[in-house]
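K.L.:
Before anything else, here's the structure in question.
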Amino acid sequence: MGAFITTPRHGIQLALFVLGSVLAFALAMAAMHALPTRYRRWITVLFTFVAGLFYLAEFVIPAGVGVPAGSSRATDNFLSKYLDPVGNASAIIFAVAVGMGILNLARVNGAPLLRGRPGWQNSLAFFAGLIAMTVVGLTRWHAMLGATTPAARRAVEAALVGRLYHLLFDGFYSNLGGTVFALLAFYIVSASYRAFRLRSREATLMMVTAFIVMLGNVPVGPTYLTGWIPEGHWFSFAKVEHVSDWIMSVPNMAAQRALIFGIMMGVIAMSLRVWLSLERGHFFGQED
Amino acid sequence: MLQDRTRHVLYLLLAAAIALPFFTGTVIPPTVGPEAKALYKAVEAVPNNKIVILSLEYEAGTLGENLPQTRALMNHLMKSGKRFAIMGFEPIGPVYGQIEADELAAKWHRPYGKYWVNWGYRTAYVQTLKAMAKDVAAAIRTDHRGVPLSKLPVMRGIHSPKDVGLVIDITPSTYYEAWMAFFTGPAKVKMAVAPTAVMVSDIFPYLDSGQMVGMLKGLAGAAQYEALVFGRTSRERGITWMTSVSMTHILIIALIILGNATEIITRRRKAVGGTA
Amino acid sequence: MEHCTLAVGILEALVSALILYKIASARRGRSLFIRRIPGLAAIDEAVGRATEMGRPILFSPGMDPLSIVTLQALAVAGYVARTAARYNTRLIVPVRDPAIYPIAEEILREAYAAEGRPELFDPEDIRFLSDRQFAYASGCVGIMNRERVAANFFFGYFYAESLILGEAGTQVGALQVAGTPATTQLPFFIVSCDYTIMAEEFYAATAYLTREPVLLGSLVGQDWAKVGLVVLIGVGAALATVLGPASSVLRLMLTQFGGG
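Residue numbers (the working numbering), protein chains in the order written: chain A, 135 to 422; chain B, 68 to 343; chain C, 315 to 574.
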């Protein structure tokens, strides 16, 4: 059964396999919908438990169990070989959702454009960008499929489709991403100016620490502020870069470890609740 | 809440602080920190029969920090004649890496395929890393143009993870955790990271535990590394750009002091006015 | 480690058993105390403010794909949606991962239905913006400015776009509550948001908001497990100090716990 599912297929076999999988999935969903709610919930709980149990068991069962002695898979157990197919199956299911995202975008942006609502220009820009990038990208990809030599690939890049692709990707997309990221610099200035106020002793301590770490991380601090202290001198501990390094590698690291520790405990507890279907709240359903 | 006018003045001052060093040509020499020094030593210690992997996970948004880091590391690797491979689990990183490597290869006379290779963008990072932990060449198979790795002299003798001398992850995200969990940890390969500055505090526990051998702390780390490779007074990209960063840090500190001084004076005036 | 060692397996079993014991204990009716978390207590305040101003609320469930963090964020979104439905306030939920979109839609639809206001639910208020980080941030900023949101909720895992979201919300005058386990983004949320829920408080959110015995029991169990692990760390640190790093006992502990 495992081999039937994981064996690579090509051509008409692949198409039939995909069709069969979609059909099987649709039938399973229809059956689920037809069931009464409380049976549906129990099937969901069962699937969740079995799926989580697979990963837990794969981790807990020691290496070598269920694997022939002398095998190249000596670091695995009998469940390890299913990790990749199960992971790939999950990735494929999630990839289906990309189409839903595009449909949602088209629906949300289509209405203002068709009805001339305020902001229709933004919707027009969305459709223009989506269509242009899709057409140009797919055309270039198709052209590259046939370009098997470096000279052929250079010819594709020099052609109209290649130049358009680089205009859209390098000219628009990359630069727009960099621009938005650059906004952070301005926002940091306004946020720092607004937020760093001497309201309490803790706030003062935080500000002084921030100043030291900021100055220690840029050349101006070590070069001009404490550059006069020779390295190796008994007073060299006071050099701003050493103080900054100490702050980052001792108290900061201790605090980071404490935060990570607490976060991981929270992750373990929540993962246990989700796995055993004990999680409560609107998404997870109320207690029976 | 900040008034719009105040905010606009702040933004103009910031723009001036960033731009001024480019016009004046001022460069402040960096002081090399222990993390950059440790990474430099780790690269120097890589034997000639092993390969260094540069994993480039960044996109256009973080080029300002990650590209100088990439360039500084490539300069060192090419200068010292070490073999290296570039790859990425995000599509854009290896593209930018190829552009930088092509330029530097011409400068250092290190032709593609003989000293360096581009393994390209790899999907399914967990599966790829697990496969690499068993056999690197078999997991990658071809370079980014589809040329079999067996045909490239740079890959001669590179098969198992033991043939990898160092992995350096240049990233604005947390792919280094996957590298440590699935490749460098199980295969006991040395690992370093060149993150953006905001992620630096997260990396210190790994340096302390020895799971990482060094780190480039954002653009400052790139500047420090360039100082090690070319000297403190060189005018490489990281060193020149750090001067602008220095100016902005001084501006921010000055504005915070000014803001607090204004608030204290206002509070005192209100208190005096209230008791009068 | 690829597979757990004996010590890690025992530790996992003990931690899980403690959490499950406390859950069982809470289900039997034992009352449990949980301290006040200001950020979570401010959710009602934020929704009330939006209702008074007649402006919508924005809830961002973070940048992660479907994961434990996102599930927790969506659980909080469900609570916010019920409160918004009760006050007849519009809630906009932009998502980054298309796989989260149908889940968010279902949560909000059920929340509005549970409050008896199914007609208030507008499917177009759940929007997939982009799976690219800064495109998503730009989209959220655009929504904040066009819709003039009165309250922002940022719950989930965020990266560099956290300050962009926080500052943009500050500029439109929104009351902002952020909750994230991303330690690198906490400083940005702290300076730009009115309330920040940090690290493990994020995972306590559903317990705090719903006061369900199962969740409270799990929280108490997790706290006790933490105490036990802190004791273990103390024992390890003491052994390392007394015996020195080369001792065989320490090497065994390091190997068993994955460091060797």
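We put the CB at the ideal spot given by N, CA and C, even for glycine.
(1) Hey, could you find the ends of the beta strand (DSSP E) A259 of chain B is sitting in?
(2) For a contact defined as C-beta to C-beta under 9 Å, what are the partners of S268 of chain B on chain C?
(3) Return the chain-ordered list of same chain residues with a C-beta closer than 6 Å to the C-beta of T241 of chain B, the five sequence neighbours on each side being excluded.
(4) How big is the Cα-Cα spacing for A403 of chain A and H376 of chain A?
(5) Given that N486 of chain A touches chain B, what residues does it touch there, using C-beta distances under 9 Å?
(6) Going along chain C in order, which residues have a C-beta closer than 9 Å to the C-beta of R241 of chain A?
(7) Go through the region 449-526 of chain C residue by residue and report every complete run of the alpha helix (DSSP H) that reaches 4 residues or more, in order.
(8) Return the Cβ separation of I382 of chain C and A418 of chain C in integer angstroms, given the expectation that the two are a contact with Cβ distance under 8 Å.
(9) Would DSSP call D422 of chain A helix, strand or coil?
(10) Answer yes if the region 507-516 of chain C comes into contact with the region 343-360 of chain C, meaning at least three C-beta pairs across the two stretches below 8 Å, and no otherwise.
(11) Using C-beta distances below 6 Å, list every residue in its chain close to G148 of chain B, excluding the 5 sequence neighbours before and after it, in chain order.
(12) CB-CB under 8 Å to H144 of chain A, same chain, minus the five flanking residues each way: which ones, in chain order?
(13) What residues of chain C sit near F322 of chain A, judged by a beta carbon separation below 7 Å?
(14) Kindly list the residues whose CB is nearer than 7 Å to the CB of R525 of chain C, restricted to its own chain and excluding five residues on each side of it in sequence; keep chain order.
(15) Tell me whether M199 of chain B sits in a helix, a strand or coil according to DSSP, three-state version.
(16) To the nearest angstrom, report how far apart M234 of chain A and P408 of chain C are at their CA atoms.
(17) Is there contact between the region 312-324 of chain B and the region 132-147 of chain B, where contact requires at least three CB pairs shorter than 8 Å?
(18) Starting from D236 of chain B, follow its DSSP beta bridges and name the residues at the other end.
(19) Classify I351 of chain C as helix, strand or coil using the three-state DSSP reduction.
(20) Would you check if there are 3 or more beta carbon pairs closer than 8 Å linking the region 460-479 of chain C to the region 375-392 of chain C?
(21) Counting only runs of 4+ residues fully inside the region 397-458 of chain C, write out the alpha helix (DSSP H) ranges in chain order.
(22) Taking buried to mean at least 16 other C-beta atoms within 10 Å of its own C-beta, is T342 of chain B buried or exposed?
(23) Could you tell me if Y273 of chain B is buried or exposed, where buried requires 16 or more neighbouring beta carbons within 10 angstroms of its beta carbon?
(24) Using the three-state DSSP reduction, which class does S334 of chain A fall into: helix, strand or coil?
(25) Any idea what DSSP makes of V201 of chain A, helix, strand or coil?
(26) Run through DSSP, which three-state label would W183 of chain B get?
(27) Residues of chain A with a CB under 7 Å from the CB of E514 of chain C: which are they?
(28) Going along the chain, which residues of the region 435-468 of chain C sit with their C-beta nearer than 9 Å to a C-beta in chain B?
(29) Taking the alpha carbon of R368 of chain C as the point to measure from, which residue in C:V563, C:S339, C:R404 and C:A425 has its own alpha carbon closest?
(30) Name the chain B residues whose beta carbon is nearer than 7 Å to that of F369 of chain A?
(31) Chain C beta carbons: is any one of them nearer than 7 Å to that of S405 of chain A?
(32) By how many angstroms is the C-alpha of A425 of chain C removed from the C-alpha of E111 of chain B?
(33) Which same chain residues, not among the five before or five after H416 of chain A, have their C-beta less than 6 Å away from its C-beta?
(34) Determine the direct distance from the alpha carbon of L334 of chain C to that of I414 of chain C, and round the result to whole angstroms.
(35) Are there 16 or more other CB atoms within 10 angstroms of the CB of G160 of chain B, so buried, or fewer, so exposed?
(36) When you compare each of C:S444, C:T498, C:A554 and C:G531 to R342 of chain C by their alpha carbons, which one comes out closest?
P.N.:
So, from the data block:
(1) For A259 of chain B, the uninterrupted beta strand (DSSP E) segment begins and ends at M258 to P262.
(2) Contact of S268 of chain B with chain C by beta-carbon distance below 9 Å involves T497 and T498.
(3) In the same chain as T241 of chain B, and ignoring 5 residues on each side of it, no C-beta atom comes closer than 6 Å to its own.
(4) The straight-line gap from Cα to Cα measures roughly 39 Å.
(5) No information on residue 486 of chain A is available, as it lies outside the stretch 135 to 422 that chain A covers here.
(6) Simply P437 and E438.
(7) With a minimum length of 4 residues, the continuous alpha helix (DSSP H) runs that stay inside the region 449-526 of chain C are 476-485, 500-506, 514-517 and 519-524.
(8) The Cβ separation is near 16 Å, so there is no contact.
(9) Because D422 of chain A sits at a pLDDT of 37, beneath the cut-off of 50, its placement in the model cannot be relied upon, and the point is left open.
(10) The region 343-360 of chain C, when compared against the region 507-516 of chain C, does touch it at the 8 Å Cβ threshold.
(11) Result list for G148 of chain B: empty, nothing under 6 Å.
(12) Excluding sequence neighbours, H144 of chain A sits near nothing in its chain.
(13) Here residue 322 of chain A turns out to be Ile, not Phe, going by the sequence shown. Those are L477, listed as they occur along chain C.
(14) The answer is none, since no qualifying residue turns up.
(15) In the structure shown, M199 of chain B sits in a helix (DSSP, three-state: H, G or I).
(16) About 14 Å.
(17) The region 312-324 of chain B is not in contact with the region 132-147 of chain B.
(18) Its beta-bridge partners are B:S122 and B:V260.
(19) Coil, per DSSP.
(20) Result yes; three or more Cβ-Cβ pairs closer than 8 Å.
(21) Correct list: 414-428.
(22) Below a pLDDT of 50, predicted positions are generally treated as unreliable, and T342 of chain B, at 49, falls in that range; no measurement from the model is reported.
(23) So Y273 of chain B ends up on the buried side.
(24) Coil at S334 of chain A, not helix or strand.
(25) The three-state reading of DSSP puts V201 of chain A in coil, since its state is none of H, G, I, E or B.
(26) Reduced to three states, the DSSP call for W183 of chain B is strand.
(27) Result: G396, I397, M399 and G400.
(28) Listed by position, the residues of the region 435-468 of chain C near chain B (Cβ gap below 9 Å) are R446, Q447 and F448.
(29) A quick correction: the sequence has Gly, not Arg, at residue 368 of chain C. The residue with the shortest Cα to Cα distance from G368 of chain C is C:R404.
(30) In chain order: nothing, as chain B lies at least about 16 Å away.
(31) S405 of chain A counts as touching chain C.
(32) Taking the straight line from one Cα to the other gives about 60 Å.
(33) At H416 of chain A, the pLDDT of 48 sits below 50, so the modelled position is not reliable; the number obtained from the coordinates is stated separately. Counting only Cβ-Cβ distances below 6 Å, and skipping sequence neighbours, we find nothing.
(34) I414 of chain C and L334 of chain C: Cα-Cα distance of roughly 29 Å.
(35) It is buried - the Cβ of G160 of chain B has at least 16 other Cβ atoms within 10 Å.
(36) Comparing Cα positions, the closest option is C:G531.
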